[in-house]
Structure formats: structure tokens, C-alpha cells
Amino acid sequence: MLQVEALNTHYGRAHILQGMSLQVGSSEVRVLLGRNGAGKSTTMKSIIGLVRPTSGHIRFDGQEIAGEEPHRIARRGLGYVPEDRRVFADLTVMENLEVGKQPARGGMRPWTAERLFELFPNLGRMRDRPGGRMSGGEQQMLTIARTLMGNPRLVLLDEPSEGLAPVIVEQMAKAILALKGEGLTILLAEQNLHFAGGVADSATVVEKGRVVWSGTMAELRADEAARTQYLAV
Amino acid sequence: MDSLIPQLLTGLAGASSLFLVASGLTIIFGVTRIVNFSHGSLMMLGAYIGWSILTRLPRDPEWFVLGILLTVLATALIGVVLEVVVLRRVYRAPELFQLLATFGVVLVLQDVTLWIWGAVELPLPRPRWLRGFVEIAGNRFPFYDLILIFVGPVVLGLLWLLMNRTRWGTLVRAATLDREMVAALGVNQRTLFTSVFALGAGLAGLGGALSLPNASANLNIDLSIITDAFVVVVVGGLGSLPGAFLASLLIGILQAFGIVLVPKITLVLVFLVMAVVLVFRPNGLMGRPQAEAREATAAAPVIRPAPRELRILGLVALVLAAAAPLVAGEYYLTVLTDACVAVIFATSLHFMMGPGGMASFGHAAWFGIGAYAAGLLMQWLGAPMPVGLLAAPILAGIVAALFGWFVVRLSGVYLSMLTLAFAQIVWAISFQWVEVTGGDNGLLGLWPPEWARNPATFYWIALALAVSVALLLRRALYAPYGYALRAARDSAMRAQSIGLDVKRLRMVALVIAGAACGLAGAIFSYSKGGIFPTYISIPHSVEALLMVLLGGLQTVAGPIIGALVYTGLADILVRSTDLWRLVLGTVIVLLVVAFPEGIAGAARRLWLRGREA
Ligand SMILES: Nc1ncnc2c1ncn2[C@@H]1O[C@H](COP(=O)(O)OP(=O)(O)O)[C@@H](O)[C@H]1O
Ligand SMILES: [Mg+2]
């Protein structure tokens, strides 16, 4: 469904992504693992178009999207959940969801605020609260819900467990599994191997902007050498 | 206190008009982050278009309303064209270049308006139904002012509904907070920005059309209203509609009472209020700290010493410049003298703006202070030119130190606006304090002494001073002080943590820049033989910005090249065409679109690329 091939991305002169390649199949949950600064977020920003890759290919449903504008990419059915949440602080929960709203796509049950409140009951209890006055966990739920309002077919989820209390991380994992149950395709970025293990089917490990390991989650569990070498666990 | 109520009502009516213009400006800034200098021009167009429509319609109330609405539509449409043709191309350019581009638009619209409607101001004969008076508390009060008083809150209410009760408004508010995220959620920013601009332009048009019955359509509207609107927007807090409304009330009422109580210093009063508000609330009454519009921005390149070839080129240019009087006639010598003044003017602004990170919109203030210092010393004490040239920078430096207390506490757009406001205060003083400054007629008879009166001699003096100032500023830039200053610009917090006194560094930069610029003002006055308030006008301040930005911020040679190119260009233009504003404005816009890093920056890039290849 999503193919990234030999992607290079620069920030100014710094060469960050150095030939990234990865694939995400339909209804697959793939996790992008790697240490802080490995280039996970940059990969996601390159895919959604927030940073323009210098070369390489990004294909979504077989169509080249590298270099396209973010809103066009998003409208193709690619959802992006940023790592630092970026909820609109002055807007209420309902308004945040409104911003994310896009027309429904054929073949999928469209997301509504009510359906999302079933997924994240906390949000349903604070519909009129400004995003800026929510806890970190609530904001993380809101930012995911906001992206889902666009009825994406594939979601880029950047470190949804980062900085959250263990209970919340637990809830987050449940929510992601529920989304997976709906058939949503997900590319997840994580440093938390435990969290990733609970939700992902397959993994791609990155280091310094390059893929150093790729396989199924079961293979990664078996490959202790890779885990210690690349992930220090 | 009989006059209290009518004065209050007049103030409220003025506040409404201010709000119409300021609300559009603040909405546009909120979303696009563009400080739109041409907003006043849109109001001016609104007044002219309104005049053209209203004078052709029957003079009944319902036709009047229709005419106003048509005007709003027309200006909104012009706003769309402006956004699509110009602004859309500069959203990614640095803030100041955007500002410059919108100033280019101001110039273009000036000439276009002049060309379509002529230079004579166009009053709108008030229809009878608008001429009535209403009695309030025993005072007769113009009916039309009452209408205006109502329009302000009504527009505020409608805007509030639009912003809070529609999807469009929600998207606009979201984009104000984080436009990149909005795009990543699938919202087309382009249409959003265009529609926001249309709304803002329409509001400006409304303000212009509604101002007609009390005033007239004239060519001064653009710059006079834009200053007031800037003040309102800044006092209210950039991007805040309720803030703009509150500030409009404050400023409107202040102006109304000021005219009665202290007619001479109304302008000063308004800007003092602005300064005080900004000191206590650096983000305006209802503004928030600017969460810098999130966008991946590249760090400012470091200023590096020029390559050797460039230095040799500079030396050759200097030798040629010194030899110029051997070939150039008297006319060209005055142009060259102007160029020397321009070099000081621009390098001094560059010093505080590039390395100092303080973009001044009011640099002409120091120019004027230096000029008047020299002029008044001569008038009062008969001080000769050398004394004047010495006193000008000293005085300008002292004033800069006083004013600096306010400035170094602010940053970004707020800082720029405060400098603009300060320049307007200085301008107001020079313009209104007729007994001392001669007002509009200026101070005359300021000639160089006998020995320097020869154009060639005077040119050499100017050249020597310009070269010395440029070298001194360059020296300061590469001294430890310069590095500290740049560290403070790049990250005030980190600079502080390694023990640098950021406020003090910036203060010193301001004083140096102010003093150098004061010298430029004095030289200029001696070369022209007089001093006029126009030295301190907004367009003159913008000229300094133009020179610096033309040349580029990232090189030391930039402002010098910018000053020379600008002086040459302006000279050729003014002599060859009546439409020089149109041409200059267009050139500015094209330059900003083509070279967002300035001429010198682009040249340097090409040069380096050529050598790498
Ligand atoms: N806006 C930026 N400008 C310059 N460098 C950046 C920027 N964002 C990230 N980087 C650098 O790019 C590298 C990869 O960062 P990132 O993609 O955020 O890594 P990860 O998400 O895996 O932690 C890091 O070295 C980081 O310092
Ligand atoms: Mg990251």
C-alpha cells in the first residue's frame, strides 16, 4: 500500500534520511524502530510532505506522492499523527475534530465524533474543553481522533506512547489494536519495544537514516543480536 | 464637563472606523503571519471605489447601503488578486521580505490610484438623510457618527460568529495556531489564505467606504491609516479580534479627547500609550506569546568575511569613488554624496537588524534626530559644521539609549512596531512643534562652511565618513562584541546562560546604530541646506529597510551594495518617469519573489556555486 524507496531528505545541509526504504502492506501494522534521532519522525514528515525529500520515491497505492503538497497527500487517504501532538490549544475537542474532518471514502465506515468517543471515552466527557487544558494522554488521544476524522486508509503514528503514564500507554495500545481490527493500515514509530511488540505485525529498524533490519515482529523477538545491537534492550 | 459626552461619542465613532481596518489586518496577520503594509491602501481603494459607486447611485439610504456592499465586494476581489499575484509567492520568504513586498504594493497602488482618480481629493456630498443630528444629553450629535458607533460592535459580533460558529472560522483559528498541522490534516491552505485575505480586504474596503461621508477619498489615506491600524493591532495583540476592538476603543477615545485637551501632542500621546502597553504587556492587551508560526525554518547563515576577490573589488570601487570628482559633474557629485549618506543609513540599520536581530521600521528617526540636532545647534548657537557632525551622532546615540530601554524588552514584530511608533513620535514633534522645528517648512540655511562648500570637497568628506563608519561597524561585528551580539540574536536564552547580558548587548547595538544613522542625517542636511519632517517619514524608514534587504542581511557588503543600487535606481527612476512609484513598487515585488536572500546574498551564492563547480 505504501512503498518508500531510496529516500533522501536533508535539513539544510544535514543529510538525515540516507536512502530509506520500507513497505507497508494493506491492513498491516508496521513499526519503525530506532533510537532517538534515528530519523523516524523525518521519515514520517517526508511521507506526509511536511519536509520535501531531496530524492527517492514514495508511492501510495502505486502512485508517486513524493514532493506533493501535504494537503493533497492527506486527501489521498494518508493520515499523520505528529509526535509532539500539536493539538490546537485554543480550540475545543469538538473543534479540533472538526479541523480534521474530511469526506468519507468508499468502502470504509466513516468516522464520526461519536464513534471516536467510543474508542476514546475520555474525550467524550470533555467535548468543550480547549485542547490546551488537557493532560498529555488526553491530548494524544485527541490528536489521533482528529486524524481519524479525515477517514484515512493509512495512518502514520509518531511515538504515541511517548511521555505517557503506563496506564495510558495501556489504553493507547488497546485503541491501536481496535483500529487494527477495523482493517486500518498503520505505520508506527516507536522507541518502546514493549509497546510496539503488543501491536505491530512487522518491524523496520532504522539507524542514522538507514534501514538496518527488517522483518516480522516474531523474527525480531527471536533475533536477540539485532535487538541488543540496534535497540539496546 | 459639557463636552465630555459628545467627545466620547466622537471617540467611539472613530474607534469603529479604526476597528474595521484593524480587524482585517489582525485576521490576515493571524493566519498568514504577514504584516500587510498594503492594508491601508486597500482602505484607500475602498474610499475611491466607494466614491465612484456612491456618486453614481441615487441618494437614498437603501442605495447607500447597496453601494457600500458593492464596494466591500470590489475590495475583497482586489484582495484576492493581490493575494494570488503577490503574497502567495512570498509566504515562504522571511518576514521582512514579505513586509517589503507589501510595501511595494503600497507604492504600486499609490500610482494606480493617482492614475485612475487623479490627485484632487474627492469628497462625497452627504445626502440629506445623513446630514441630520440627534440630540443626546442636550448636545447635537451627528446622526452618521451614531451609525458608525453601531457598525463597529455589529461587525465584531458578525466576525465572532463567523470565527466561532462556522467550519471556515474553525479552520482559520486552527491555522492561526499551527498552519502546518492544518495542511497535514488535508486542508488546502491556499484557498484558506486567499479567503482570509478577501475578508480582510473587504473589511478595509468597508472602512474606506464608510469613512467617506466624514472625510474624502484622498491619496494620503494609505500611510496615515496603516500607522493607526498597526498601533491598534499591536496594542490589542497581534491576531486577536477582541484585542483589536478594545485597542480601537482605547485609541479612538484617546484621540478624541486628546484633540480637545492637548491638541499638539495627540500623536505623541497615542504612541506613548502603545509604548506603555507594550512594556507591561509585551504581546499586547489580549495577545499571546508568539508561538512562532510552526514551519521548518533554516537557521540564519553565519556572516563570514568576504572572499579575497571581493575585497579587492571593494578596494577598486573605493579608488574609483575617490577619483569620481575628477570626471563627474556637479549633479552626479550630489547623487554620489547621497549615495554616501545612504551607505551610512543602510549599514547602521543592518548593524542592529542583521547581527542584532532587531528589525527597525523607524530607522529614519535617528536620521532625523541627527539632522535636527545639527540644525538647531547652528540656529541657536551658530555651531559650525564640524561641531554639528560631531553632535549629531552623540545626540542620536543618547536618545537611542533612552528609547532603548523600551526596545530591548521586545522582540519580533512588536519590536518593529515600537520602532515605527517611535519614529512617528519624532516625526510628529518635528511636524507639530513649529516654533522650534519650523514645522512643515523645516529648518533652512544649513550650509557647509566656505572651505567645504565645493561639491567635490563635500563629497570627499561624505565619502571619508561613510567609509569610516562602514569599517568601524564591520570591525565591531568581528570583535568579540559582534559574536556575542549574534549569539544573543540566535538564542537569547542560551546566550544568557553562558553569561551574556542580552539586553545590554542589544542596547549597545541600538546606540551604535542610532549614532551612526544620526551622522548620516547631519551630512545629508548640510548637503541639502535644510531639514524637513519628511526625513523622518515612514517611506524614508522603509527606504533604509529596502536598501538593507536588497543587499541581503547575511553579508557585510550587503547593505553597501543595497544602498548604492537603490540610490542609483531611485535617481534614474525619478528622473525618467512620473510613474516611478509604480516601477519601483513592481521592482521591489519582483525582487522579493526572485531573490528572497537579497542581491548580495544571491550573488554570493552564485559566486560560491561557480567556484565549487
Ligand atoms: N527541523 C530540523 N532541523 C534540523 N535537523 C533536524 C530537524 N528535525 C530533526 N533534525 C535532526 O534529524 C535527525 C533525525 O531526527 P528525527 O527524525 O526527529 O529522529 P527520531 O524521530 O528518530 O528521533 C536528528 O539528528 C535531528 O537532530
Ligand atoms: Mg521522533
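One line per chain: the protein sequences are A and B, in this order.
Each step along the first sequence adds one to the number in full-length UniProt numbering, with nothing skipped, and position 223 is 223.
Each step along the second sequence adds one to the number in full-length UniProt numbering, with nothing skipped, and position 453 is 453.
Where is the CB? At the ideal position from N, CA and C, for every residue including glycine.
Since the structure is predicted, the reported quantities are computational estimates derived from the model, not experimental observations.
Of all residues in the segment 187 to 205 of chain B, only V187, N188 and Q189 come within less than 8 angstroms of chain A when Cβ atoms are compared, listed by chain position.
Collapsing the DSSP output to three states places A:E68 in coil. Within its own chain, the residues whose Cβ lies closer than 7 angstroms to the Cβ of B:L410, once the five positions on either side in sequence are excluded, are L278, P282 and L418, listed in chain order. The nearest non-hydrogen atom of ligand 2 is less than 7 angstroms from the C-beta of A:S41.
Closer than 7 angstroms at the C-beta level to chain A, one finds these residues of the segment 166 to 178 of chain B: R167, T170, L171, R173, A174, L177 and D178. Residue range A364 to L381 is occupied by the alpha helix (DSSP H) that includes B:Y372, with no beta strand (DSSP E) assigned at that position.
The residues F193, T194 and F197, in chain order, have a CB closer than 7 angstroms to that of B:E83 in the same chain once the five nearest residues on each side in sequence are set aside. Chain-ordered listing is empty here: chain A has no CB closer than 9 angstroms to the CB of B:L162, the nearest sitting near 14 angstroms.
With its beta carbon at least 8 angstroms from every one in chain B, A:A113 lies outside the interface. About 6 angstroms separates the beta carbon of B:T176 from that of B:G239, a gap short enough to meet the 8 angstroms contact definition. At least one heavy atom of ligand 2 lies closer than 7 angstroms to the C-beta of A:A189. When B:I136, B:I312, B:G207 and B:P127 are compared, the shortest CA-CA separation from B:V155 is found for B:G207. For the 8 angstroms CB-CB criterion, B:S430 and B:S360 do not form a contact. Boundaries of the beta strand (DSSP E) harbouring B:P142: N139 to P142, taken from the DSSP string. Neighbourhood of A:A165 in chain B, by CB distance below 7 angstroms: empty, with the nearest CB roughly 25 angstroms away. For the pair of segments examined, the segment 69 to 77 of chain A was found to touch the segment 41 to 54 of chain A: the number of CB pairs separated by less than 8 angstroms reaches three.
DSSP, read as helix, strand or coil, puts A:T216 in strand. Below 8 angstroms, enough C-beta pairs join the segment 159 to 179 of chain B and the segment 28 to 40 of chain B to call them touching: three or more. Here DSSP, grouped into helix, strand and coil, assigns B:R474 to helix. Contacts with chain B (Cβ-Cβ distance below 9 angstroms) from the segment 41 to 54 of chain A involve K45, I48, G49, L50 and V51, listed in chain order.
DSSP places B:V84 in the uninterrupted alpha helix (DSSP H) bounded by P61 to V85. In the DSSP assignment, A:V4 forms a beta bridge with A:L22 and A:I58. The beta carbon of A:A14 sits closer than 7 angstroms to at least one heavy atom of ligand 1. Excluding residues up to 5 positions away in sequence, P61 lie with their Cβ nearer than 7 angstroms to the Cβ of B:W129 in the same chain. Per DSSP, A:R30 is one residue of the beta strand (DSSP E) stretching across V29 to L33. Of the other Cβ atoms in all chains shown, 16 or more fall within 10 Å of the Cβ of B:D111; this residue is therefore buried. Judged by DSSP in its simplified three-state form, B:Q110 adopts helix. Within the chosen limit of 7 angstroms, ligand 2 does not reach the beta carbon of A:E207 with any heavy atom. Fewer than three Cβ pairs drawn from the segment 200 to 220 of chain B and the segment 389 to 401 of chain B lie within less than 8 angstroms of each other, which leaves the two stretches out of contact. Short of 7 angstroms from the beta carbon of B:S17, and not among the five residues preceding or following it, lie these beta carbons of its own chain, in chain order: L148, G207, L210 and S211. Rounded to whole angstroms, B:P127 and B:F19 show a C-alpha spacing of 25 angstroms. The residue from B:V234, B:V407, B:D490 and B:G258 with its alpha-carbon nearest to that of B:P289 is B:V234. Here A:H194 is exposed: its Cβ has fewer than 16 other Cβ atoms, across all protein chains shown, within 10 Å. Between A:K40 and the set A:Q18, A:T54, A:G56 and A:G25, the nearest pair of CA atoms involves A:Q18.
Taking CB atoms only, B:L185 has a neighbour in chain A less than 8 angstroms away. Burial state of B:P480 is exposed, judged by a 10 Å Cβ sphere holding fewer than 16 other Cβ atoms.
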